[in-house]
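Chains as they are written, first to last, in my numbering: chain C, 3 to 321; chain B, 563 to 1006.
Note that CB positions come from ideal geometry on N, CA and C, so glycine has one too.
Computed from a predicted structure; not experimentally measured.
Let me begin by presenting the structure, written as structure tokens, before commenting on it.
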Amino acid sequence: MGIFGFFNKEKKESLEKGLEKTNQNFFSKISKAIAGKSKVDEEILDELEEILITSDVGVETTLKIIERIEARVKKDKYLNAQELNKILKEEIVALITETQQNDPTQFELPAHTKPYVIMVVGVNGVGKTTTIGKLASQFHQIGKKVVLGAGDTFRAAAVAQLKVWGERAGVPVIEKGMNTDPAAVAFEAVKTGIDTQADVVIIDTAGRLQTKTHLMNELSKIKRVIQKAMPDAPHEVLLVLDGSTGQNAVVQAREFTKVTEITALAVTKLDGTAKGGVVIGISDEFKIPVKYIGVGEKIEDLQIFHREAFVASLLESKS
Amino acid sequence: MFKTLSNRLDKAMKTLKGQGRITDVNIAATMKEIRKALMEADVNYKVAKEITDKIKDEAIGRKVMIDVKPGELLVKIVHEQLMQLMGGTTAEMNLRSDPAVILMTGLQGSGKTTFSAKLANYLKKQGRQVLLVACDVYRPAAIEQLKVNGQAIGVEVYSEPENKNPIAIAQNSIKWAKENNKKIIIIDTAGRLAVDEAMMTEIAQIKTAIQPSEILFVVDAMTGQDAVNTAKSFNDRVNFDGVVLTKLDGDTRGGAALSIRNVVEKPIKFISTGEKVNEPNSFDIFNPDSIARRILNMGDVLKLVEIAQDAFDQQEMEKLNKKLRKNEFDFNDFYSQIQQIKKMGNLKDIISMIPGMGKMLKEVEIDDFSLTPIEAIIQSMTPKERNNPILIDGSRKKRIANGSGTSVQQVNNLIKQFQEMRKMIKKMNDSKGKRFLPNINPFR
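Laid out in structure tokens, this is it:
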């Protein structure tokens, strides 16, 4: 694990624990399939296909990865399961690397933007409010001044939920109650952020399915109104995806990108048996980096995404 | 991205045409396409494999008619198989005990709280005395959420904000229900992961303590490959009676439904769309045909018909029918049609239920607002003009355009469309409609 030296050991363990299920199957299956073989045959490709598909990587991306493996094996050859495993890992990492230049190693904010405005969007039930609560706590813990905006004025009790998180983290929550104009809440939150010299303003929005055009357009409006308070905001539009969602996540990424420029992804609920493989394809197709992953209930379980650790945890065997 | 299965199959089956019969050899490529299509709809890898094997057995030996596209024939076979796999008929809930207790369970964010309220509303409308119970003591404001929903539908919510023990709350609620003459108790619980041992033990304990007559497993229809693992784990622990599919809106393919059904062999009982608990079309009894069509991207005509029946006023319809037959369709009828369509709900959702439209719509912006200029134009006409559109000349058009805030060109377009419609209606009347009934039976 030398190359992950900078990666907090505890966090790495928790991610691995979450993704444990795959690891066990994967290595033994691949080992069995390639025992005594010197080239990638139908059987190995079938195994690969099954592993990738059952991790929600999706048909198109799976085919893409398999093509890359075939091409790579043609020139590099491999000797055993370990090596094939390594090649596979490298190829998947490469797919993500093409979008993600460098991973941050910890929670940080750009030095010259104050306040840094993050708008959080996504479909219903993916964990937007929870992610915001955890983000707020993490920023607060490293000494940043945080303001939250309760822009989900639609779902029953969503404002109350964010306020509980605000109390837990010890950060102010700007709210106008339920059924109020979310754009007005966002404006007020950004303005409060400016007036109180906050480092970061995080704005919650109501969950919306990408098929509801009027709700999707509302996001553009919230963004425009935010810009009245701070012209270059929002600096980050974070799309939250549920790690257990299948190929519909691709559609979500596409539709949300249409109405607001998504700049980063957060993938939640990776502590279950779901693998979140769909983000590989999303990251590749839309060139949006994954920034955070959620691997548990605790505040520290919201982590910075690290592509190599993610892929390693997805594929590596337990030793 | 998602090609329709029928398109794919037509391509894969070009070789099959003219061969007369489906055989082991000529079907291999096609089966691969079917499997891919199922997996793209999030049907589990293994389940997709099993299903395609079954379909292959079913298809081999069938004759390929010359006048039927072989792709369509296979899609029909696939559709039949999927329906069968999903249980054919609808399954009822067991509500015989007094009070009958329904326990909800599922992952975080699957939509348990919203669905609990929708179910309560459904049962209340049948005249039952329903009680909602808030047992999610973990998620901030979950109790609050259920209370707000309960208020919206006029169903009482039992909660104990200070009590952190969901087992005790559930037991107390039953006592309370008996004292207050409630006949059906719906217990909303916290979301939990199947791998969370402590939480899974808790739900098993709740079950033992209250002996529910019905346990419903709530699952997000967008769930991917993991749906089978989760469903299996929950089923192993609580042996649930039925499945609820939520968030089945618009472009959700719902392959998870098929996987779950196949792995745990429990019926899917309800489907749910949208967040509003008292919207008429947000809750429905599960219909295997309708989901099979979604998975295959075939559109959902059945659902469309149901919604239309719900929304359309029967008397209005008869009136309209008479007018259509007499060829007296005018702008008043057109306007009332638009109002009826608007009652059916989100326009894009509705249109995407028409077979083949789902994909086309991906590129098109359709929302309820696109009807607004049409309504405005019609509203700017005088009653005389609406009854007798021929009256509308150049200067009247200008007045209508000004009045409705549109352009003369838009008014022209609408009138043109209207005339086209009339022509169509006339043709249909002339041929007594028979010519327009497409024959869709490929086995005739």
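- Its chain contains ALA818 as the residues whose beta carbon lies nearer than 6 Å to that of B:THR785, once the 5 sequence neighbours on both sides are disregarded; these appear in chain order.
- Residue contact with chain C for B:GLY817: present (Cβ-Cβ distance below 9 Å to some residue of chain C).
- At least one beta carbon of chain C lies nearer than 9 Å to the beta carbon of B:GLU602.
- The alpha helix (DSSP H) runs of length 4 or more contained entirely in the region 202-240 of chain C are, from start to end of the chain, 215-231.
- Pairing B:GLN902 with B:ALA590, the inter-Cα distance amounts to about 47 Å.
- Within 10 angstroms of the beta-carbon of C:GLY179 lie fewer than 16 other beta-carbons, which makes it exposed.
- With 16 or more other Cβ atoms inside 10 Å of its own Cβ, B:ARG701 counts as buried.
- Here B:ARG754 is buried: its Cβ has 16 or more other Cβ atoms, across all protein chains shown, within 10 Å.
- In terms of beta-carbon proximity, B:ARG887 stays away from the interface with chain C, with every pair separated by 9 Å or more.
- The region 277-291 of chain C makes contact with the region 54-63 of chain C, as at least three CB pairs between them are under 8 Å.
- According to DSSP, residue pairing for B:MET666 in a beta bridge involves B:LEU778.
- Burial state of C:GLY153 is buried, judged by a 10 Å Cβ sphere holding 16 or more other Cβ atoms.
- Taking 9 Å as the Cβ-Cβ cut-off, the region 689-703 of chain B approaches chain C at TYR700, ARG701, PRO702, ALA703, given in chain order.
- Taking 9 Å as the CB threshold, B:ASP750 stays off the interface with chain C.
- Under the three-state reduction of DSSP output, B:LYS831 falls in the strand class.
- With a beta-carbon spacing of about 5 Å, C:ILE134 and C:ILE204 fall inside the 8 Å limit used to define contacts.
- Sequence-distant partners of B:GLY673 (beyond 5 residues in either direction) whose C-beta falls short of 7 Å from its own C-beta, in its chain, are VAL780, ASP782, THR808, LYS809, SER834.
- Note on C:GLN249: 16 or more other CB atoms within 10 angstroms of its CB, so buried under the neighbour-count rule.
- In its chain, beyond the 5 residues on either side, GLU947 have a beta carbon closer than 7 Å to the beta carbon of B:ARG958.
- Taken in chain order, the complete beta strand (DSSP E) segments of 3 or more residues contained in the region 710-777 of chain B are 718-720, 746-751.
- A contact between stretches requires three or more CB pairs, one per stretch, nearer than 8 Å, and the region 83-100 of chain C fails this requirement with the region 202-216 of chain C.
- C:LYS293 carries a strand assignment under DSSP once its states are collapsed to helix, strand and coil.
- From the listed residues B:ILE664, B:LEU636, B:ALA714, B:ARG856, the smallest Cα separation to B:GLY804 is found for B:ILE664.
- Here B:PHE796 is not bridged, per DSSP, to any residue.
- When only Cα atoms are considered, C:SER139 and C:VAL187 end up about 21 Å apart.
- Taking a Cβ-Cβ threshold of 9 Å, the residues of chain C close to B:THR792 are SER246, GLY274, THR275, ALA276, in chain order.
- Contact with chain C is found for B:VAL710, since one of that chain's Cβ atoms lies less than 9 Å from the residue's Cβ.
- In this chain, the alpha helix (DSSP H) harbouring C:VAL187 covers 184-197.
- Your pair C:ASP58 and C:LYS277 checks out as a contact, with CB atoms roughly 6 Å apart and the cut at 8 Å.
- Of all residues in the region 254-274 of chain C, only GLN254, ARG256, GLU257, THR270, LYS271, ASP273, GLY274 come within less than 9 Å of chain B when Cβ atoms are compared, listed by chain position.
- By the beta-carbon neighbour count (other beta carbons within 10 angstroms, threshold 16), C:ALA73 is exposed.
- Under DSSP, C:THR247 forms a beta bridge with B:THR785.
- Within chain C, the residues placing a beta-carbon under 8 Å from that of B:LYS598 are VAL61, ordered along the chain.
- Close partners of B:SER942 in chain C (Cβ separation under 8 Å) are lacking, with about 24 Å as the shortest Cβ gap.
- Boundaries of the beta strand (DSSP E) harbouring C:TYR118: 118-123, taken from the DSSP string.
- Distance from the CA of B:PHE802 to the CA of B:ILE748, rounded to the nearest whole angstrom, comes to 15 Å.
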